[in-house]
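Trainee: In the working numbering, the protein residues as written are 123 to 332.
Every residue, glycine too, gets a C-beta built ideally from N, C-alpha and C.
#1: Below 6 Å CB to CB, which residues in the same chain sit around residue 152 once its five sequence neighbours on both sides are set aside?
#2: Ignore the nearest five residues each way along the sequence and tell me which others in residue 176's own chain have a CB closer than 7 Å to its CB.
#3: Report yes if the CB atom of residue 314 is closer than 9 Å to the CB atom of residue 331, and no otherwise.
#4: So, with DSSP's three-state summary, where would you put residue 314?
#5: For residue 261, count the other beta carbons within 10 Å of its own beta carbon; 16 or more makes it buried, fewer makes it exposed. Which is it?
#6: Which stretch, first to last residue, makes up the beta strand (DSSP E) that contains residue 252?
#7: Is it right to say residue 267 is buried, meaning 16 or more other beta carbons lie within 10 angstroms of its own, or is it exposed?
#8: What is the C-beta distance between residue 276 and residue 288, in whole angstroms, given that I count them as a contact (C-beta under 8 Å)?
#9: Within 8 Å, do at least three Cβ pairs link the stretch 203 to 214 to the stretch 170 to 188?
#10: Name the two residues that bound the continuous beta strand (DSSP E) containing residue 127.
#11: So what's residue 168 in DSSP terms, helix, strand or just coil?
#12: Thinking C-beta only, is residue 269 closer than 9 Å to residue 83?
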């Protein structure tokens, strides 16, 4: 039996698509203003970046698409000062998981002001024993480092934990490298061969693993 669950935030507890129109306007404007530079080698790199920004951190995307320092800095400055203050709601299935009588932790990558504003708007700040934002502005830690820190701080063994997330290259990969069971939430069937202990298109299916 598990003793604790560690959740990712974006696209795990709530759908980023539900706030993308308001959230990413400033970032998309930077991309559009620099489209002639970004699209040098392909017709729609900007479009691909916009789609991926709903799923991946800026640093990952900037490296993947080779964004130059000027564009990176512009986008970073927008994100660094951003908050989200409109109404938000979690996935319906999250309500099943927030009631479980286990220790729960939230580990998310992003900028502090923005990530904490999302937590407040979702009304989930009291669901967790600890909330940890891995902010690239202030820390070089990875999710793997944070997971290992939780194990050490609270006296768990890897088999005591379940990681719930949507990104096989981020929290899922980090957890597996530490011997922690994972639940890959994949509502659109995007992933097929990527490693995960468990996977489902329904978030509430994680209940059966606890």
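Mentor: Taking the geometry as given:
#1: Residues of the same chain with a CB within less than 6 Å of the CB of residue 152, apart from the 5 flanking positions on each side, are 196, 197 in chain order.
#2: Listed in chain order, the non-local C-beta contacts of residue 176 below 7 Å within the same chain comprise 138, 139, 142, local neighbours out to five positions each way being set aside.
#3: Not a contact, by the Cβ cut-off of 9 Å.
#4: Of the three classes helix, strand and coil, the one that applies to residue 314 here is coil, per DSSP.
#5: By the 10 Å Cβ count, residue 261 comes out exposed.
#6: That run of the beta strand (DSSP E) goes 252 to 256.
#7: Flag for residue 267 reads exposed.
#8: Residue 276 to residue 288, Cβ: 24 Å. No contact.
#9: By the Cβ criterion, the stretch 170 to 188 is not in contact with the stretch 203 to 214, since fewer than three pairs of Cβ atoms, one from each stretch, lie closer than 8 Å.
#10: It spans 126 to 129 - the beta strand (DSSP E) in which residue 127 sits, taken as one unbroken run.
#11: In this structure, residue 168 counts as helix in the three-state DSSP scheme.
#12: Residue 83 is absent from the structure shown; the chain starts at 123 and stops at 332.
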